[in-house]
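Student: Numbered by our numbering, the letters in the sequence shown go through residues 21 to 309 in order.
Built from N, CA and C at the ideal position, the CB exists for glycine as well.
Remember, it's a predicted structure, so these values are computed and weren't measured experimentally.
Take this structure, written in structure tokens, and hold onto it; I'll ask about it next.
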Amino acid sequence: MTTIPDRGPAALVLGACLRSLRLAKGIKAAKAIRGSEAKLSRMETGQVAQRWDDVSTLVRVYGMTDWSTIVDTLRWSGWQSRDPKRRASTIHDNAEGWMDRLRACEHHASAICVYASATIPRIVQTTGCPVDLLTLRTTATQPPRVSPHTVLPDQTRQDVTVILDGAMLLRTCANPAAMAAQMAYLQHLRESTHGPRILVVPFQAGVIPPHGTLHRFLLHDQEVFAEETWSAIYTTGADSQAARDCLAAGLTAAKDLKASAALLDIARRRFEQLAKDPESDPLLEELTA
């Protein structure tokens with residue numbers, strides 16, 4: 021078995037972002053950097069460290085003319101090294117556009133596993149999902165350059181697993197009707213032919229979930245972990261061991277597909293009941309037993 025060398029997160033995340041921007045514009049950009057389509061592909065897949073001058077040219081071609089965004093993008097190329105021993109395996113991304121880079125990873129990963137404890141992951145949110153404080157704070161910046169990624173029923177391009185901490189099935193977010201609709205949408209996705217696997221870690225399992233949302237992306241055959249709270253922390257290789265252990269603990273403690281579906285159904289019915297009668301909560305015990 022061939023071991024793929026750790027390319028570090030910088031080249032992979034920046035490459036995914038450049039590809040998303042190019043596809044959004046629908047233009048051919050190889051000539052702009054005096055290169056071939058193959059060279060551009062290697063840049064977008066993180067197979068090579070992206071050069072400052074090439075990145076600067078591309079972001080301008082893609083319409084990113086504001087200086088702060090250009091500087092933030094160039095910082096990613098500066099975090100790379102041609103020497104594998106000097107490549108950073110942990111990058112804290114709290115600069116403008118960090119959500120765009122996270123979305124780009126979602127768009128281009130062949131496999132995604134998301135473990136969420138604070139809010140319904142954006143990838144499976146309905147438009148009517150209540151806007152919690154975390155979502156509000158992390159999206160109330162500049163308009164997104166990379167559109168939100170939503171898992172569609174019968175989507176075959178990606179392998180997606182969503183792990184929900186059981187405590188999320190107890191939160192009404194002050195809008196039980198919207199949460200009932202969200203639970204119904206999760207059931208709809210789960211029942212679709214090629215929909216995501218949706219697993220629930222029961223409240224009583226005693227597993228310590230991630231602080232916010234933990235992503236595992238498989239980008240061009242390499243694992244990249246992203247811990248999302250008020251920003252994103254990307255790790256690869258040995259630096260991602262803590263994230264890998266957290267995800268493994270969630271997967272081990274999670275109920276199987278059938279049992280998880282039953283918990284989602286109880287949560288849906290509970291939220292529907294709370295929307296009608298906030299004082300009555302007869303199904304709470306079933307979710308916490």
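Comparing the C-beta of residue 230 with each C-beta of chain C, is any distance below 8 Å?
Tutor: In the structure shown, chain C does not exist; there is a single protein chain.
Student: Compare the C-alpha of residue 131 against each of 191, 182, 52, 51 and name the closest.
Tutor: Checked all of 191, 182, 52, 51; the closest Cα to residue 131 is 182.
Student: Determine the contact status of residue 256 and residue 40, defining contact as a CB-CB distance below 8 Å.
Tutor: no
Student: Secondary structure at residue 121, three-state DSSP: helix, strand or coil?
Tutor: Three-state result, residue 121: helix.
Student: Please classify residue 228: is it buried, with 16 or more other beta-carbons within 10 angstroms of its beta-carbon, or exposed?
Tutor: Around the beta carbon of residue 228, a 10 Å sphere encloses fewer than 16 other beta carbons of the protein chains shown; the residue is thus reported as exposed.
Student: Confirm, please, whether the CB-CB distance from residue 290 to residue 304 is below 8 Å.
Tutor: yes
Student: Measuring alpha carbon to alpha carbon, tell me which residue in 176, 186, 155, 144 is nearest residue 207.
Tutor: The shortest C-alpha separation from residue 207 is found at 144.
Student: By Cβ distance below 7 Å, which residues in the same chain neighbour residue 230 in space, the five residues on each side in sequence not counted?
Tutor: So the list reads 135, 137, 247, 266, once near-sequence residues are dropped.
Student: Starting from residue 308, trace the alpha helix (DSSP H) in both directions and tell me its first and last residue.
Tutor: 304-308
Student: Taking only three categories from DSSP, how would you classify residue 181?
Tutor: Of the three classes helix, strand and coil, the one that applies to residue 181 here is strand, per DSSP.
Student: With distances taken Cα to Cα, identify the nearest neighbour of residue 294 among 217, 197, 243.
Tutor: 197
Student: Alpha carbon to alpha carbon, how far is residue 302 from residue 163? Give it in angstroms, no decimals.
Tutor: Their Cα atoms are separated by approximately 42 Å.
Student: Which same chain residues end up closer than 8 Å to residue 167 when comparing Cβ atoms and leaving out the 5 residues on each side of it in sequence?
Tutor: 44, 123.
Student: Should residue 111 and residue 30 be called a contact, given that it needs their Cβ atoms to be closer than 8 Å?
Tutor: yes
Student: For residue 34, which of 273, 92, 287 has the nearest alpha-carbon?
Tutor: Nearest C-alpha to residue 34 among 273, 92, 287: 92.
Student: Determine which residues share a DSSP beta bridge with residue 113 and list them.
Tutor: 252
Student: Would you tell me roughly how many angstroms separate the C-alpha atoms of residue 260 and residue 238, rounded to the nearest one?
Tutor: 13 Å
Student: Just verifying my parser: in three-state terms, what is the DSSP assignment at residue 202?
Tutor: helix
Student: Extract the residue ranges of the alpha helix (DSSP H) inside the stretch 204-283, only unbroken runs of 4 or more that lie entirely within it.
Tutor: 261-273
Student: Closest by CA to residue 264, which one among 281, 278, 234, 283?
Tutor: 234
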